[in-house]
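Structure first, commentary second.
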Amino acid sequence: MHAPLNSPYRQLRGGDGRREANTSAVLRTVLDHGPVARRRIAALTGLSPAAVSRQVVDLAGLGLVRERPELVAAAGVGRPQVPVDIDCGRVAVAGVHIGVPGATLSLIDLRGRVLAREDVSGREPGPAGILGRVTSRLPAFLAAHRGGLTIAGVGAVLGGRVDPERGIAVRHEPLGWYEVPLRDALERVTGLPVYVDNHARALAQSEILFGHPDAQHSIVAVFVGHVVDAALGSGGRVHLGPRAATSDVAHQPVPGSRAKCGCGRTGCFEAVVSDTVLFAEAAERGIIAEPDRALLSEAVAAGHPGADRLVRHRARLIGRAVALLADLVNPDVVVVHETFSGAHPRYLEAIREEAVVRSHLCDDPERIVAPGTGERALDVAAGTAVLANIYADPLRTVAFDQSPGV
197 MHAPLNSPYR
207 QLRGGDGRRE
217 ANTSAVLRTV
227 LDHGPVARRR
237 IAALTGLSPA
247 AVSRQVVDLA
257 GLGLVRERPE
267 LVAAAGVGRP
277 QVPVDIDCGR
287 VAVAGVHIGV
297 PGATLSLIDL
307 RGRVLAREDV
317 SGREPGPAGI
327 LGRVTSRLPA
337 FLAAHRGGLT
347 IAGVGAVLGG
357 RVDPERGIAV
367 RHEPLGWYEV
377 PLRDALERVT
387 GLPVYVDNHA
397 RALAQSEILF
407 GHPDAQHSIV
417 AVFVGHVVDA
427 ALGSGGRVHL
437 GPRAATSDVA
447 HQPVPGSRAK
457 CGCGRTGCFE
467 AVVSDTVLFA
477 EAAERGIIAE
487 PDRALLSEAV
497 AAGHPGADRL
507 VRHRARLIGR
517 AVALLADLVN
527 PDVVVVHETF
537 SGAHPRYLEA
547 IREEAVVRSH
557 LCDDPERIVA
567 PGTGERALDV
577 AAGTAVLANI
587 YADPLRTVAF
597 DQSPGV
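When you read off a place in the sequence shown, starting at 1, and then add 196, the result is the number in the working numbering.
Here's what the structure looks like:
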């Protein structure tokens, strides 16, 4: 039996890379369907039962899957089918999300679940500030939380333009980062492989692996924070354009706006909806004492009418951008990561309402969702920078000494 042509598990049966491709197909099938019997894996992938058994042996040797004999039915007929599942007890990954003004460190298991996390604050300008704190804390964080787990690598994500191949933060204007060698800095202090990416791309990939089921078909991920980013995914892969650029919505014009943007133009989307602008406007209106995320979050939670109007207005502006992206790409799902809509569904509803009114193609508001990976979506996204490589090519990504430690 062969997998259908549109199956995410279908792999070429010959040529270079056959073993690697088949091993990846088996691992992804176990992620999506596990605990799952080998016979079912064979049906989903189109591989022979013998080939599936070989891949399972390889994956178990790497600490990525395990058998679940306790799940075998007691009174079955014939040889029992022992299910195979992802092994979350031997291998994990580290995540670093760098934002404004601080960062988070996390330990993530193979199913994208957060095992431990730590906030790293820092308001010093330039890369020496927050990056220095991250490199100082990360080894101790891993030593404190890894237990007997082997750490397969470190994922580091942030906004702006990021070059994954070179491991460099090319440009993050709110942080004052330009051509920062992030991978080299983290590899020096951990001795681990480091995977660097833009956080919108990582969010899209984490949804494909661990979030909304429709994301495996096609997805647009929109991130609105101190920077504004978007990413596109299709067929289980996230798009990376020429010169390491992802989709850029930050400088799309907002009709009628005269807000000045750092790019020199006026009315850019980021200059109108970013957290920097939102917090500053809340302070100017006397809603909060100073521009601060926590203060505005408290005002929103307390039902402050001015805070609600301000955040709701931004949600509608985000909805306009979502409508544009929906019409351009027509994805199965649009995932919006925004400061308030995850905790307060009324703002997600405002985004949906505006998007559906303005879009010509998106007539189903349920296609616009908050991250399926939950309130720790950015931590999961950071770990996904490593996990995506594990699931795409486990034999190469986890081909190292399996002794516990960093």
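Where a beta carbon is used, it is the ideal one built from N, C-alpha and C, also for glycine.
Within the chosen definition, does the region 401–412 reach the region 374–385 through at least 3 CB pairs nearer than 8 Å?
Three or more beta-carbon pairs separated by less than 8 Å are not found between the region 401–412 and the region 374–385, which leaves the two stretches without contact.
Determine the direct distance from the alpha carbon of D425 to that of V261, and round the result to whole angstroms.
Walking along the sequence shown from the start, residue 261 turns up at place 65. Walking along the sequence shown from the start, residue 425 turns up at place 229. So the alpha carbons of these two residues sit roughly 35 Å apart.
Would G432 and I415 qualify as a contact pair, given that the criterion is a beta-carbon distance under 7 Å?
Within the sequence shown, the letter at position 236 stands for residue 432. Within the sequence shown, the letter at position 219 stands for residue 415. The answer is no: Cβ separation not under 7 Å.
Determine the DSSP secondary structure at D393, reduced to helix, strand or coil.
If you number the sequence shown from 1, residue 393 lands on position 197. D393 falls in the strand class under three-state DSSP.
For H293, is the classification buried or exposed, using 16 other Cβ atoms within 10 angstroms of its Cβ as the cut-off for buried?
Taking the first residue of the sequence shown as 1, we reach residue 293 at position 97. H293 should be labelled buried.
In whole angstroms, what is the alpha-carbon distance linking H556 and A352?
On the sequence shown, residue 556 is found 360 positions in, with the first residue counted as 1. On the sequence shown, residue 352 is found 156 positions in, with the first residue counted as 1. In this model, H556 and A352 are separated by some 37 Å (Cα to Cα).
Could you give the residue range of the beta strand (DSSP E) that holds T300?
Here residue 300 is taken as the residue at index 104 of the sequence shown, counted from 1. 299–304 is the span of the beta strand (DSSP E), which, as asked, contains T300.
Quick check: what's the CA-CA separation for S302 versus G579?
Start at 1 with the first residue of the sequence shown, and residue 302 comes out as number 106. Start at 1 with the first residue of the sequence shown, and residue 579 comes out as number 383. One C-alpha to the other measures close to 8 Å.
Give me the Cβ distance between I282 and G363, rounded to the nearest whole Å; I'm assuming they're in contact under 8 Å.
Start at 1 with the first residue of the sequence shown, and residue 282 comes out as number 86. Start at 1 with the first residue of the sequence shown, and residue 363 comes out as number 167. About 27 Å; that fails the 8 Å criterion.
DSSP on R433, reduced to helix/strand/coil?
Along the sequence shown, one-based indexing puts residue 433 at 237. It is a strand residue.
Could you check what DSSP says for A400 in three-state terms: helix, strand or coil?
Taking the sequence shown and counting its residues from 1, the one referred to as residue 400 is at position 204. Helix.
From G601 to I564, what distance separates their C-alpha atoms?
On the sequence shown, position 405 is the one that residue 601 refers to. On the sequence shown, position 368 is the one that residue 564 refers to. A caution first: G601 carries a pLDDT of 47, below 50, which makes its placement in the model unreliable, though a value can still be read off. If you take the alpha carbons of G601 and I564, they lie about 40 Å apart.
Where does L524 land, buried or exposed, given buried means 16+ other C-beta within 10 angstroms?
Here residue 524 refers to the residue found at position 328 of the sequence shown. That one is exposed.
Could you check what DSSP says for P487 in three-state terms: helix, strand or coil?
Your numbering for residue 487 matches position 291 in the sequence shown. Correct three-state label for P487: coil.
3 or more residues per run - each beta strand (DSSP E) lying fully within the region 532–602:
none
Just tell me which of V280, V287, P279, R439 has its CA closest to the CA of I590.
By 1-based counting over the sequence shown, the position of residue 590 is 394. Correcting the residue identity first, residue 590 is Pro in this sequence and not Ile. Per the Cα distances, V287.
Decide if the region 326–341 is in contact with the region 454–464; the criterion is three or more beta carbon pairs, one per stretch, under 8 Å apart.
no
Opposing strand residues paired with G331 [DSSP bridges]:
What you label residue 331 is simply residue 135 of the sequence shown in a count that begins at 1. Here residue 331 is Thr; the residue named in the question, Gly, does not match the sequence. In the DSSP output, where bridge partners are listed per residue, T331 has none listed.
Measure from the alpha carbon of E545 to the alpha carbon of each residue in P561, R554, H533, T535, then state which is nearest.
Along the sequence shown, one-based indexing puts residue 545 at 349. The residue with the shortest Cα to Cα distance from E545 is P561.
Could you spell out the range, first to last residue, of the alpha helix (DSSP H) harbouring L361?
As a working mapping, residue 361 is identified with position 165 in the sequence shown. According to the sequence provided, residue 361 is Glu. The question's Leu does not apply to it. Run containing E361: none; DSSP gives neither H nor E here.
Looking only at its chain, what residues have a beta carbon closer than 8 Å to the beta carbon of L574, apart from the 5 residues adjacent to it on each side?
Looking up residue 574 in the sequence shown gives position 378. Closer than 8 Å at Cβ, skipping near neighbours: H293, G295, T300, V353, H395, L399, H533.
Helix, strand or coil at D444 according to DSSP, with G and I counted as helix:
To locate residue 444, count along the sequence shown from 1; it is residue 248. The answer is coil: DSSP assigns D444 none of H, G, I, E or B.
Spell out the partners DSSP gives A312 in its beta bridges.
Counted from its first residue, the sequence shown places residue 312 at position 116. Bridge partners of A312: L303.
D425 by DSSP, collapsed to three states: which one?
For this step, residue 425 is matched to residue 229 along the sequence shown. Correct three-state label for D425: strand.
Go through the region 217–255 residue by residue and report every complete run of the alpha helix (DSSP H) that reaches 4 residues or more, in order.
234–241
Assuming F465 contacts H447 under a Cβ cut-off of 8 Å, what Cβ separation, rounded to an integer in Å, is found between them?
Residue numbering aside, residue 465 sits at position 269 when the sequence shown is read from its first letter. Residue numbering aside, residue 447 sits at position 251 when the sequence shown is read from its first letter. Indeed, because the Cβ distance is near 7 Å, the residues count as touching under 8 Å.
Is A290 closer than 7 Å to V350 when the C-beta atoms are compared?
In the sequence shown, the residue the question calls residue 350 occupies position 154. In the sequence shown, the residue the question calls residue 290 occupies position 94. Yes, the pair counts as a contact, with Cβ atoms nearer than the cut-off.
Here's the rule: buried if 16 or more other CB atoms are within 10 angstroms of the residue's CB, otherwise exposed. What is L492?
Along the sequence shown, read from residue 1 onward, the residue named residue 492 stands at position 296. The residue is buried, with at least 16 neighbouring Cβ atoms inside 10 Å.
From the DSSP secondary-structure annotation, give me the bridge partner or partners of R262.
Counted from its first residue, the sequence shown places residue 262 at position 66. As DSSP reads the structure, R262 sits in a beta bridge with D281.
Could you compute how far the alpha carbon of L371 sits from the alpha carbon of S220?
Here residue 371 refers to the residue found at position 175 when the sequence shown is read from its first residue. Here residue 220 refers to the residue found at position 24 when the sequence shown is read from its first residue. Cα to Cα, L371 sits roughly 37 Å from S220.
Which residues share a DSSP beta bridge with A478?
The residue given as residue 478 occupies position 282 in the sequence shown. Paired residue(s): none; A478 is not in a bridge.
Identity of the residue in P297, I347, L338, A584 nearest A324 by Cα
By one-based count along the sequence shown, residue 324 stands at place 128. For A324, the nearest C-alpha among the options comes from P297.
How is Q207 classed by DSSP in three states: helix, strand or coil?
Taking the sequence shown and counting its residues from 1, the one referred to as residue 207 is at position 11. Residue confidence for Q207 is low, a pLDDT of 38 falling below 50, so the modelled location carries little weight; the figure read from the coordinates is stated next. Coil, per DSSP.
Measuring straight from C-alpha to C-alpha, what distance separates D305 and V576?
Taking the first residue of the sequence shown as 1, we reach residue 305 at position 109. Taking the first residue of the sequence shown as 1, we reach residue 576 at position 380. Straight-line Cα distance between these residues: approximately 9 Å.
Start-to-end residues for the alpha helix (DSSP H) that takes in H509
As a working mapping, residue 509 is identified with position 313 in the sequence shown. Per DSSP, H509 belongs to the alpha helix (DSSP H) from 501–525.
Can you find the residues in the same chain that come closer than 6 Å, C-beta to C-beta, to K456, ignoring five residues on each side of it along the sequence?
As a working mapping, residue 456 is identified with position 260 in the sequence shown. Within the same chain, K456 has close Cβ partners T462.
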